[in-house]
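J.: Below you will find the structure I want to go over with you.
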Amino acid sequence: MDWATIVLDVLTLLIVIASFLAIRDNRNQTKTALAEGRTQSQAALALAHEQIEQDKQPILIPLSPLPLTAVVGELDSTVPELSVDLMNVGTGVALNIWGVIATPESFSRRPFSFSNEAFLLQSEHRTIKLDMHRIDFFAEDYKFGEYNLWPSSELTELSQGGTGKKLMYAVRLTLTYMDVFGIKHATIYDCTSENKWKFVKHFPIKYDLEDLYKDKKS
């Protein structure tokens, strides 16, 4: 075999090796690109799902006044049950709605509650009846985040004339419910002695009033 043939064979072998290396590198790059693409797709899907969940979030608000005493603005101690008109102003369906209405801890009035009496579609409203049948299961130390079921004893606000005006929180309304994605929500309102509802907080929760009821009952 002459040198020309040997050199040609070596060059051919080097070309073949280089081709295999290029194919391997291309495959690795393709795998990396596919993996990155999958990761980006999963992140995009997760973001889209989160956005859909947020867009389909129910938010409940109370509309009706409460039976408060005319002079002091306390909850009337003679009423056996309460009625509250709730409306869903969010963009999703509210399911498994539970609620508790409680007076300040300084008052002896027992709280009222209701459980899973309705679901509310978007823009729908319904009158809910609250009684005292389950209230022994709702203890004052139970909290959603930093908020318990009992309102503060009093508050001070400025009247329109700029004079300090002392008001009182008459009740706190705590609502828990679930959306169509299975996410649980809590929405809290305080009603003042002037019978005006004030929004306190709306946030997702892990455990709701039904969970509390079942835990205490067991």
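Taking this note's numbering, I'd label the letters of the sequence shown as residues 41 to 258. All residues carry an ideal CB built from backbone N, CA and C; glycine is no exception. Owing to the predicted nature of the structure, the values given are computational and were not obtained by experimental measurement.
Return yes when the C-beta of K238 is under 8 Å from any heavy atom of the ligand HEM, and no when it is not.
T.: The ligand HEM is absent from the structure shown, which contains no ligand whatsoever.
J.: Suppose the cutoff is 8 Å on Cβ atoms and the five residues either side in sequence are ignored; what does the same chain contact list for H165 look like?
T.: Counting only Cβ-Cβ distances below 8 Å, and skipping sequence neighbours, we find L103, D125, L126, M127, N128.
J.: For the region 182-193 against the region 98-116, are there 3 or more C-beta pairs whose distance is under 8 Å?
T.: They do not touch, by the three-pair rule.
J.: Considering only their Cβ atoms, is the gap separating R212 from I99 smaller than 9 Å?
T.: Their beta carbons are not under 9 Å apart, which means I99 does not touch R212 by this criterion.
J.: Using a Cβ-Cβ cut-off of 6 Å (strictly less than) and excluding sequence neighbours within five positions of V50, which residues of its own chain qualify?
T.: With a pLDDT of only 48 at V50, under the threshold of 50, the placement of this residue in the model should not be trusted, and no figure is reported.
J.: Taking the alpha carbon of G130 as the reference point, which residue from D255, L160, R150 has its own alpha carbon closest?
T.: With distances taken between Cα atoms, G130 lies closest to L160.
J.: So if DSSP puts P244 in a beta bridge, which residue, or which two residues, is it bridged to?
T.: The partner list for P244 (beta bridge, DSSP) reads H225.
J.: Would you mind working out which of V220, S233, H242 sits nearest N136, comparing C-alpha positions?
T.: Selected option, being the one with the closest Cα: V220.
J.: Taking C-beta to C-beta, are G113 and M208 nearer than 9 Å?
T.: In contact: G113 and M208 (Cβ atoms closer than 9 Å).
J.: I'd like the list of long-range same chain contacts for P244, defined as Cβ closer than 7 Å, with 5 residues on each side in sequence excluded.
T.: Cβ neighbours of P244 beyond the five flanking positions: I223, K224, H225.
J.: Taking buried to mean at least 16 other C-beta atoms within 10 Å of its own C-beta, is F152 buried or exposed?
T.: It counts as buried.
J.: In the DSSP assignment, find the unbroken beta strand (DSSP E) run with I137 in it and report its ends.
T.: 135-142 is the span of the beta strand (DSSP E), which, as asked, contains I137.
J.: Using DSSP with H/G/I as helix, E/B as strand and the rest coil, what is I187?
T.: Reading off the sequence shown, one finds Tyr at residue 187, where the question assumed Ile. Looking at Y187 - three-state DSSP - the assignment turns out to be strand.
J.: Tell me whether G185 is buried or exposed, calling it buried when 16 or more other Cβ atoms sit within 10 Å of its Cβ.
T.: Exposed, by the Cβ-count rule.
J.: Hey, could you find the ends of the beta strand (DSSP E) F152 is sitting in?
T.: Its beta strand (DSSP E) spans residues 152-155.
J.: Could you check the C-alpha separation between D251 and T167 for me, to the nearest Å?
T.: In a straight line, the C-alpha of D251 is about 24 Å away from that of T167.
J.: Could you give the C-beta distance for K241 and T232, rounded to a whole number, given that I count them as a contact under 8 Å?
T.: No, K241 and T232 are not in contact; Cβ-Cβ is about 16 Å, not under 8 Å.
J.: So, under 8 Å CB-CB, D19 and T216 are touching, yes? Tell me the CB distance rounded to an integer number of Å.
T.: No answer is possible for residue 19: the residues shown for the chain start at 41 and end at 258.
J.: Whose C-alpha, out of S155, S117, Y182, Q162, is nearest the C-alpha of K169?
T.: That would be S155, whose Cα lies nearest to the Cα of K169.
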